[in-house]
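Under mature numbering (1 follows the signal peptide of the UniProt record, and there is no 0), the letters of the sequence shown match residues -19 to -1, 1 to 303, in that order. Structure, as structure tokens:
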Amino acid sequence: MIAALASFSFLIPGAGSHAADLPESYPNRPIKLLYGFSTGGPADYVTRLVGRRLAQELGQPVIVESKPGASSTIATNLVAQAPGDGYTIMMGAMNQAVNPSLLPDLPFDQQKDLRAIAIAAFTPNVLVVSADSSIASVDEIVARARRAPGSISYGSSGVGTSVHLAGALFGTATGTELIHVPYKGIAPAKLDVVAGRVTMLFDSVVSAKKLIDAGRLKAFAVSSANRSALLPDVPTMAELGWQDFDVSPWYAFFAPASTPDAIVERLNAIIVATMSDPQEQANLLAQGVEPRTSTAREADAYVAAEIGKWGELVKRLELKPE
């Protein structure tokens, strides 16, 4: 199903500075910035933030269009098929790296038909259990799961989502057999964890924090390599001894593969400047979004590594789309 289109246009008068090797005519008309998520939430915020800055710096309107559905493949396919002229780009997320293995019949090739412009941000997950649970630590989860395989369950917002893959990786990293309970959205999964009907959940930090602060969930570890600024007292899985555990959902920007280097580098410079702005960093961190910067080449290499990492897990666990 294709959800209704939501669009936002940033109209900023005045021309920005241009790199010397850019085509003189670029840009001379509006730029379209797509993303495969519903409006509202961190993905929407990051996309519109970058859209505003692109409009300011490039002196042309940037039309942000939400095209949710099919794990962002609708938006991705539109960009993959677009001319590589810098007028159609997208904000993508970790599912860009999962889809190639989980959805083998895609009409595009993530690595051949698109190129990364920049990694922009990460949104770490946190491992939580009900505040009423007798479980007191990650080690206790592991011990119980090893003692009674299948006794520990974890919820998710659906097959192939970052919270599902975090739970699946937890099982493989700890050598335990866990029961996956997928839901249609994170809210019902979270409610069942609070109620104790499901043992645990990897939820986004910003989503879980309210229930953690309210004393309804206990937080044991964050899934990323570094601690979260929103939950500074919660250790990483690596700090607890699970060195190979790193699930860091990310946001990145992409263009058609044929987009010239000069245009990609100009767009990259604007995104890097946006994510380096102290005020914008504070605004992002308040929403559980951790800004990052990268070159286009670093972003391409990171996405390729993520495709390999998650492809291996999808194959090993024989995951299938819902």
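We put the beta carbon where it would ideally sit given N, CA and C, even for glycine. None of the values given here were measured: they were computed from a predicted structure.
Spatial neighbours of VAL27 within its chain, please: C-beta separation below 7 Å, excluding the five flanking residues on both sides. Here residue 27 refers to the residue found at position 46 when the sequence shown is read from its first residue. These residues qualify, in order along the chain: MET72, ALA101, ALA102, TYR232 and VAL270.
Reference ALA117; option with closest CA among GLY21, PHE201 and TRP291: As a working note, residue 117 is residue 136 in the sequence shown. Among GLY21, PHE201 and TRP291, the Cα nearest to that of ALA117 is on PHE201.
In chain order, what residues of the same chain lie with their CB nearer than 6 Å to the CB of VAL295, ignoring the 5 residues before and after it? As a working mapping, residue 295 is identified with position 314 in the sequence shown. If we look at VAL295 and ignore the five residues flanking it on each side, its Cβ neighbours are SER82 and LEU83.
Extent of the continuous beta strand (DSSP E) to which ARG96 belongs: As a first step, residue 96 must be located in the sequence shown, where it is residue number 115. Counting along the chain, the beta strand (DSSP E) containing ARG96 begins and ends at 95 to 103.
How is PHE(-12) classed by DSSP in three states: helix, strand or coil? Here residue -12 is taken as the residue at index 8 of the sequence shown, counted from 1. No answer about PHE(-12) holds up, because its pLDDT of 38 lies below 50 and its placement is not dependable.
State the Cα-Cα distance for the pair SER115 and THR217, rounded to the nearest angstrom. Residue 115 sits at position 134 when you count from the first residue of the sequence shown. Residue 217 sits at position 236 when you count from the first residue of the sequence shown. Each residue's Cα considered, the two are about 21 Å apart.
Using the rule of at least 16 other Cβ atoms within 10 Å of the residue's Cβ for burial, across every protein chain shown, is ALA267 buried or exposed? Taking the sequence shown and counting its residues from 1, one reaches residue 267 at position 286. Result: exposed.
Residue ranges of each beta strand (DSSP E) within the region 53 to 138, 3 or longer: As far as the region 53 to 138 is concerned, its whole beta strand (DSSP E) runs of at least 3 residues are 69 to 74, 95 to 103, 106 to 111 and 134 to 137.
In terms of residue numbering, what span does the alpha helix (DSSP H) encompassing ALA285 cover? On the sequence shown, position 304 is the one that residue 285 refers to. That run of the alpha helix (DSSP H) goes 277 to 298.
Taking the straight line between their C-alpha atoms, what separation do you get for ARG29 and GLU261? As a first step, residue 29 is located in the sequence shown; it is residue number 48 there, counting from the start. As a first step, residue 261 is located in the sequence shown; it is residue number 280 there, counting from the start. Approximately 12 Å between the Cα atoms of the pair.
Where the alpha helix (DSSP H) through PHE151 begins and ends: The residue you call residue 151 lines up with position 170 of the sequence shown. Looking at the DSSP string, the run of the alpha helix (DSSP H) that includes PHE151 is 143 to 155.
Short check: CB of residue 314 to CB of GLY65, under 8 Å? As shown, the chain starts at -19 and ends at 303. That puts residue 314 outside it, with no answer to give.
Is the Cβ-Cβ distance between LEU300 and VAL144 less than 8 Å? If you number the sequence shown from 1, residue 300 lands on position 319. If you number the sequence shown from 1, residue 144 lands on position 163. No, the pair does not count as a contact, with Cβ atoms beyond the cut-off.
If we count Cβ pairs, one from each stretch, closer than 8 Å, do we get three or more for the region 90 to 101 versus the region 236 to 255? yes
DSSP-derived helix/strand/coil call for MET256: Taking the sequence shown and counting its residues from 1, one reaches residue 256 at position 275. DSSP places MET256 in helix when its eight states are reduced to three.
Return the CA-CA distance between GLU121 and ARG127, expressed in angstroms with no decimal places. Your numbering for residue 121 matches position 140 in the sequence shown. Your numbering for residue 127 matches position 146 in the sequence shown. Each residue's alpha carbon lies about 10 Å from the other.
Residue nearest to ASP113 in terms of C-alpha spacing, selected from GLU293, GLY292, ALA176 and LEU159: What you label residue 113 is simply residue 132 of the sequence shown in a count that begins at 1. With distances taken between Cα atoms, ASP113 lies closest to ALA176.
THR20 versus ALA129 - alpha carbon distance: As a working mapping, residue 20 is identified with position 39 in the sequence shown. As a working mapping, residue 129 is identified with position 148 in the sequence shown. The straight-line gap from Cα to Cα measures roughly 42 Å.
Out of GLU246, THR240, ALA24 and VAL119, which has the shortest C-alpha to C-alpha gap to PHE183? Indexing the sequence shown from 1 puts residue 183 at position 202. Measuring from the Cα of PHE183, the nearest candidate turns out to be VAL119.
Count the other C-beta atoms from every protein chain shown that fall within 10 angstroms of the C-beta of GLY148, then say buried if there are 16 or more, exposed otherwise. For the purposes of this step, residue 148 is identified with residue 167 of the sequence shown, where counting begins at 1. GLY148 should be labelled buried.
When VAL60, PHE226 and ARG178 are compared against GLY152, the one with the closest alpha-carbon: On the sequence shown, position 171 is the one that residue 152 refers to. Measuring from the Cα of GLY152, the nearest candidate turns out to be PHE226.
Report back the beta-carbon spacing between HIS161 and SER137 to the nearest angstrom; my notes put them in contact at under 8 Å. The count along the sequence shown starts at 1 and reaches residue 161 at position 180. The count along the sequence shown starts at 1 and reaches residue 137 at position 156. Their Cβ separation, rounded to whole angstroms, is 7 Å, which keeps HIS161 and SER137 in contact under 8 Å.
Return the CA-CA distance between ALA61 and ASN76, expressed in angstroms with no decimal places. Within the sequence shown, numbered from 1, the residue matching residue 61 stands at position 80. Within the sequence shown, numbered from 1, the residue matching residue 76 stands at position 95. Looking at the two C-alpha atoms, the distance is approximately 15 Å.
Under three-state DSSP, which class holds ASP194? On the sequence shown, position 213 is the one that residue 194 refers to. For ASP194, the three-state secondary structure derived from DSSP is helix.
Just to check my reading of the structure: LYS190 and LEU212 have Cβ atoms closer than 8 Å, yes? What is that Cβ distance to the nearest angstrom? The count along the sequence shown starts at 1 and reaches residue 190 at position 209. The count along the sequence shown starts at 1 and reaches residue 212 at position 231. Contact between LYS190 and LEU212 is confirmed by a C-beta separation of about 7 Å, below the 8 Å threshold.
Once you ignore the five residues that flank SER134 on each side, which residues in its own chain have a CB closer than 8 Å to its CB? One-based indexing of the sequence shown puts residue 134 at position 153. Taking SER134 as the centre and dropping the five residues before and after it, the same chain places the C-beta of LEU159, ILE160, HIS161, VAL162, VAL179, THR180 and MET181 closer than 8 Å to its C-beta, in chain order.
Can you look up LEU3 in the DSSP assignment and give me helix, strand or coil? Position 22 of the sequence shown, counting from 1, holds the residue named residue 3. Here LEU3 sits in coil by DSSP.
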